[in-house]
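Read top to bottom, the protein sequences are chains X and F. Add 5 to the 1-based position in the first sequence for our numbering, that's all there is to it. Add 6 to the 1-based position in the second sequence for our numbering, that's all there is to it. Every residue gets a Cβ at the ideal spot worked out from N, C-alpha and C, and that includes glycine. Only a predicted model underlies this, so the values are computations on that prediction, with no experimental measurement involved.
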Amino acid sequence: MIKPKYKLFFLTFLLIASYLRPLQSAEMIDPIKVDWSFKGLTGTFDRAALQRGFQVYKEVCASCHSMQYLSYRNLGQPGGPEFSEQEVKAIAASFEIEDGPDAQGEMFTRPGRPADKFKNPYPNVQAATAANGGAYPPDMSVLVKARKGGANYIYSVLVGYEDPPPGVNLDDGVYYNKYMVGNKIKMPNNLSDGLVEYSDGTESTVDQMAKDVTTFLAWAAEPELEERHKTGVKVIIYLILLTILVYLSMKKIWSRIDTEV
Amino acid sequence: MSDQEYTPKSKAGKWFNDRLPLLTLGAHLTDYPTPKNLNYWWTFGGILTFCLITQIVTGIVLAMHYVAHADLAFASVEHIMRDVNYGWLIRYIHSNGASMFFLAVYIHIFRSLFYGSYKSPREVIWIIGLMIYLLMMAAAFMGYVLPWGQMSFWGATVITNLFSAIPLVGDSITTWLWGAYSVDNPTLNRFFSLHYLIPFLILGLVVLHIWALHVPGNNNPVGIDIEKPSKDTVPFHPYITIKDAFALLVFMIIFAGFVFFTPNVLGHSDNYIPANPLVTPAHIVPEWYLLPFYAILRSVPDKLGGVILMFSAIFILFVLPWLDTSKVRSAVFRPIYRQFFWILVIDVLMLGYVGAMPAEGIYLVLARVGTIYYFLHFIVVMPVVGYLEKTEPIPMSISEPVLSGGADPSIARKVNDKA
Numbered sequence: 006m007i008k009p010k011y012k013l014f015f016l017t018f019l020l021i022a023s024y025l026r027p028l029q030s031a032e033m034i035d036p037i038k039v040d041w042s043f044k045g046l047t048g049t050f051d052r053a054a055l056q057r058g059f060q061v062y063k064e065v066c067a068s069c070h071s072m073q074y075l076s077y078r079n080l081g082q083p084g085g086p087e088f089s090e091q092e093v094k095a096i097a098a099s100f101e102i103e104d105g106p107d108a109q110g111e112m113f114t115r116p117g118r119p120a121d122k123f124k125n126p127y128p129n130v131q132a133a134t135a136a137n138g139g140a141y142p143p144d145m146s147v148l149v150k151a152r153k154g155g156a157n158y159i160y161s162v163l164v165g166y167e168d169p170p171p172g173v174n175l176d177d178g179v180y181y182n183k184y185m186v187g188n189k190i191k192m193p194n195n196l197s198d199g200l201v202e203y204s205d206g207t208e209s210t211v212d213q214m215a216k217d218v219t220t221f222l223a224w225a226a227e228p229e230l231e232e233r234h235k236t237g238v239k240v241i242i243y244l245i246l247l248t249i250l251v252y253l254s255m256k257k258i259w260s261r262i263d264t265e266v
Numbered sequence: 007m008s009d010q011e012y013t014p015k016s017k018a019g020k021w022f023n024d025r026l027p028l029l030t031l032g033a034h035l036t037d038y039p040t041p042k043n044l045n046y047w048w049t050f051g052g053i054l055t056f057c058l059i060t061q062i063v064t065g066i067v068l069a070m071h072y073v074a075h076a077d078l079a080f081a082s083v084e085h086i087m088r089d090v091n092y093g094w095l096i097r098y099i100h101s102n103g104a105s106m107f108f109l110a111v112y113i114h115i116f117r118s119l120f121y122g123s124y125k126s127p128r129e130v131i132w133i134i135g136l137m138i139y140l141l142m143m144a145a146a147f148m149g150y151v152l153p154w155g156q157m158s159f160w161g162a163t164v165i166t167n168l169f170s171a172i173p174l175v176g177d178s179i180t181t182w183l184w185g186a187y188s189v190d191n192p193t194l195n196r197f198f199s200l201h202y203l204i205p206f207l208i209l210g211l212v213v214l215h216i217w218a219l220h221v222p223g224n225n226n227p228v229g230i231d232i233e234k235p236s237k238d239t240v241p242f243h244p245y246i247t248i249k250d251a252f253a254l255l256v257f258m259i260i261f262a263g264f265v266f267f268t269p270n271v272l273g274h275s276d277n278y279i280p281a282n283p284l285v286t287p288a289h290i291v292p293e294w295y296l297l298p299f300y301a302i303l304r305s306v307p308d309k310l311g312g313v314i315l316m317f318s319a320i321f322i323l324f325v326l327p328w329l330d331t332s333k334v335r336s337a338v339f340r341p342i343y344r345q346f347f348w349i350l351v352i353d354v355l356m357l358g359y360v361g362a363m364p365a366e367g368i369y370l371v372l373a374r375v376g377t378i379y380y381f382l383h384f385i386v387v388m389p390v391v392g393y394l395e396k397t398e399p400i401p402m403s404i405s406e407p408v409l410s411g412g413a414d415p416s417i418a419r420k421v422n423d424k425a
């Protein structure tokens, strides 16, 4: 007697939900859906895309955006871009990192080490804001998790620059973006075809660079993703097997009495 | 509280048991006569105990790495996610565990509402349960503040500001709660302290909850009193333990699905933006499990009125055993109440839905209708239906599912009174 009631309340709920759907957030269009390799239950990152994405980040984004929660050593970790140890050391050493104070109380700079955090382009948030026309370029460590729509949204914004439609006036240093919330963005369109030279010979179109750097950012936000997916599959298989065993045991135990379980 | 005398077999056991009867307690818990017709809705008590223990264990580990400081909290959470061994797993279990805890508690509460488990002689179990629920909400709210993201900060601001609605002393109370003139580092610090304290208070109340349960024994889907032990009961172990274990494992599969494959789907993306007192998010929404109350709060144009109504929505549940006038416990035999029960379920789901939407237009209308109906259900429907309803025939015992003869609740009443 309960089952039809379930149907009733789910149907009612769905009806209400579907009726209300179109009313919400009319000002934002849905981001482009990309078939990312890291989606799904067994999704993994494309190693080459991560390495290319890091190159785009380093050569284009890093001049304004920090990634303060990442260390250079992360670039060599399993599940990430997986640069070799030598490559990670070389990447780290290419940055001058401030350290100190030394025995004389002076700050000094030295070549970076794998244990160092990614170098910030600006000394503090205020400096970053002032240098970018009053808009702070957000830290990109967890950016993919911090935006509704995630990787699809980040990618869409990167390729979503357009001329403003008639009637939309933009101030100096403000750009029109189809996918940005509110359509106005202070980051100029920094990607153009052939901007970076990929060492693996991939053609650096805007679309390719946008996808690569978004993949890199998705990894940066969830460096545990591959391990999480792998462990998750094992855990669930284990739990299902155990559930079956416990179910059979339960049936056996309850067969001693006349009640169904 | 023991049902029969228990004597340990070994000499040492007897010596110890004479001084502290833990073995008697163990024997009581093992033999505890449980109605044999409990369905799977009754497995959520065990599931909730599992949830509490999981939250405490993962929480203790997280606290070893977390830093309760406004400048460091966000970074320390990222440190847990990136640098602590399996830190991501522990944190995701803890954050999704809160949601699973509430999912289970809502099923547990609605099970009680359907089968009349709150009614005499189980009022005290019900009231202790509600106290646990209140503490859970406090713990969950404070826990959500700890990562010090945008939703943490603004959620804390909205909720603590509710107290400023109290006439005369409201502002002073709010300042006292904050330990500052806005939500700031002292607020975060005390929330961490309380967030660590509350689960242990809950644990203590859970012990009382189970103790109070073991006095009259479990209610059951038929809702009649049964003799214990009898052919209507089974010993808790192994019958109920194995059944609870099976249900728990199914629950854990769903839990693991969230943790490993969509760990952030129940959270809000804004909470991965560090707290910024200068930037207000477009929509401040609490976690999903608080949304129905948030909808009630926002449905009232007056701040104080909204706060009173929101708290009333919870406190009205405390007097529920006395608002329900029906002599029959289980809704299985209450054809009218049964309909209203499902309307209430839909009403609460709808309130949760509109709680997540902006408080304007159709949402505001729905929130108001939902709020009014919520209170009508408890204040009008429950007492009136209890009086007027003609209930269906009630079996004399679990083993005889249908009472022979016509519908006469008074027979069942006699059975109820006898026990």
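- Which whole runs of the alpha helix (DSSP H) in the stretch 140–205 of chain F are 4 residues long or more, in chain order? The alpha helix (DSSP H) runs of length 4 or more contained entirely in the stretch 140–205 of chain F are, from start to end of the chain, 156–167 and 176–184.
- Take every Cβ of the stretch 196–207 of chain F, pair it with every Cβ of the stretch 315–328 of chain F, and state whether three or more of those distances are shorter than 8 Å. no
- Determine the closest residue to F/Ala104 out of F/Leu95, F/Asp89, F/Ala146 and F/Val63, with distance taken between C-alpha atoms. F/Ala146
- Query: Which value, in whole angstroms, describes the spacing of the CA atoms of X/Ser76 and X/Glu208?
  - Reply: 28 Å
- Ordered along the chain, which non-local residues of its own chain (more than five positions away) have a Cβ less than 7 Å from that of F/Ile138? Ile208, Leu211, Val212 and His215
- Exposed unless 16 or more other CB atoms sit within 10 angstroms - verdict on X/Gln131: Taking a 10 Å sphere around the C-beta of X/Gln131, we find fewer than 16 other C-beta atoms and assign the residue as exposed.
- Item | Best match in F/Ser236, F/Asp276, F/Ile322 and F/Gly65 for proximity to X/Ile323 [C-alpha to C-alpha] | Absent from the model: residue 323 of chain X. The displayed extent of chain X is 6 to 266, so no value can be given.
- Message: How far does the alpha helix (DSSP H) with F/Asp250 in it extend, from its first residue to its last?
- Response: Thr247 to Phe267 is the extent of the alpha helix (DSSP H) around F/Asp250.
- Reduced DSSP secondary structure (H/G/I, E/B, other) of X/Lys257: helix
- Given that F/Ala79 touches chain X, what residues does it touch there, using C-beta distances under 8 Å? The contacting residues do not exist; F/Ala79 stays about 13 Å from chain X at best.
- Message: Helix, strand or coil for F/Phe339? Go by DSSP, reduced to three states.
- Response: Here F/Phe339 sits in helix by DSSP.
- Spatial neighbours of X/Asn194 in its chain, beta-carbon cut-off 6 Å, leaving aside the 5 residues before and after: Tyr166
- Query: Near F/Ala404, what residues of its chain come up, given a Cβ to Cβ distance below 8 Å and the 5 sequence neighbours on each side ignored?
  - Reply: Ala is not the amino acid found at residue 404 of chain F; the sequence shown has Ile there. Contacts found: Pro41, Lys42, Asn43, Asn226, Val228, Ile230, Ile232 and Asp238.
- Task: Check whether the stretch 161–178 of chain F touches the stretch 92–104 of chain F, counting contact only when three or more Cβ pairs, one atom from each stretch, lie closer than 8 Å.
- Result: no
- Task: For X/Gly155, I'd like the list of residues in its chain whose CB is within less than 6 Å of its CB, leaving aside the five on either flank, ordered along the chain.
- Result: Val149
- Item | Cβ-based burial, F/Gln61 [other Cβ within 10 Å; buried from 16] | The residue in question, F/Gln61, is buried, as its Cβ has 16 or more Cβ neighbours within 10 Å.
- Item | In DSSP terms, what X/Phe113 is bridged to | X/Asp104
- Determine the DSSP secondary structure at F/Pro244, reduced to helix, strand or coil. helix
- Message: Restricting to Cα atoms, I'd like to know which of F/Leu31, F/Tyr38 and F/Trp48 is closest to F/Asp250.
- Response: F/Trp48 is the residue among F/Leu31, F/Tyr38 and F/Trp48 whose C-alpha sits nearest the C-alpha of F/Asp250.
- Query: Apart from the five residues just before and just after F/Phe261, which ones in its own chain have a Cβ nearer than 6 Å to its Cβ?
  - Reply: Met106
- Query: In chain order, what residues of the same chain have a beta carbon less than 6 Å from the beta carbon of F/Leu200, not counting five sequence neighbours either side?
  - Reply: Met148
- Would you say X/Leu244 faces chain B, with C-beta separation under 8 Å as the test? The structure shown contains no chain B; the protein chains it does contain are X and F.
- In its own chain, which residues sit with a C-beta less than 7 Å from the C-beta of F/His243, not counting the 5 before and 5 after it? Thr36
- Query: Between X/Leu196, X/Asn188, X/His234 and X/Gly105, which lies nearest to X/Leu46 when the distance is taken from Cα to Cα?
  - Reply: X/His234
- What are the boundary residues of the alpha helix (DSSP H) that includes X/Thr264? Premise fails: X/Thr264 is in no alpha helix (DSSP H) and is neither H nor E.
- So is F/Glu406 in contact with chain X if we call contact Cβ pairs under 8 Å? no
- Task: Count the other CB atoms, across all protein chains shown, that sit within 10 Å of the CB of X/Gln91; report buried if there are 16 or more and exposed otherwise.
- Result: exposed
- Query: Is the shortest distance between the beta-carbon of F/Gly263 and the beta-carbons of chain X less than 8 Å?
  - Reply: yes
- Starting from X/Trp259, find everything on chain F with Cβ-Cβ shorter than 7 Å and list it in chain order. Tyr245
- Within 8 Å, strictly: CB atoms of X/Glu87 and X/Val201: no
- Query: From the beta carbon of X/Val228, is the nearest beta carbon of chain F less than 8 Å away?
  - Reply: In the sequence under discussion, the amino acid at residue 228 of chain X is Pro, which differs from the Val named in the question. It does; some Cβ of chain F falls within 8 Å.
- Under 7 Å between beta-carbons, which chain X residues line up against F/Met402? List them in chain order, please. None at all; the shortest Cβ gap to chain X is about 17 Å.
- Query: Who are the Cβ neighbours of X/Thr114 in its own chain at under 6 Å, not counting the five residues just before and after it?
  - Reply: Excluding sequence neighbours, X/Thr114 sits near Glu101 and Glu103.
- Query: With a Cβ-Cβ cutoff of 8 Å, do F/Ile349 and F/Glu395 count as a contact?
  - Reply: no
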